[in-house]
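Comments concern the structure below.
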Amino acid sequence: MALHVGFLLVWVCWHLSVVGQLLEGDKCFFPFYYKNAIYHDCIKFEAKQKWCSLNETYRGYWKYCSEGDFAKCVFPFWFRRTIYWECTDDAETFGKKWCSLTRNYNKEKIWKYCD
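In the working numbering, the protein residues as written are 229 to 343.
Encoded structure:
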């Protein structure tokens, strides 16, 4: 019986330490690696809500993304031969505005749709 209580106590302490880390306001880590891919924003992979890793390489520490966690547009950014100071619909098939998540879209090609 004492052995079971000991295991339970260890599990509770470990669980509280993990939950405590999440409640302290840990920030999303961008970019992060998950299943042999790199992500620069919150993802909805195998989940109902978007989430992010709390480590550079996902190791089981994660959180659901809140408004302040999503990747921010970087202005100005360079696309083709133009510098943009706001979201653009240039080269977007459906006319939806987008922005770069880095200063040089031509090099990194990392982007997202604007809200």
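In this text, a Cβ means the ideal position worked out from N, Cα and C, and glycines have one as well.
- Checking the DSSP bridge columns, you'll see I338 has no partner listed.
- The alpha-carbon separation between S294 and C270 amounts to approximately 9 Å.
- A straight-line Cα-Cα distance of about 11 Å links Y267 and F273.
- About 4 Å separates the CB atoms of F305 and S328; that is less than 8 Å, so the two are in contact.
- Ranked by Cα distance from K276, the first of L282, Y292 and Y262 is Y292.
- The three-state secondary structure of Y333, taken from DSSP, is helix.
- When beta bridges are read from the DSSP output, Y261 appears opposite I266 and T285.
- DSSP places C327 inside the beta strand (DSSP E), whose first and last residues are W326 to S328.
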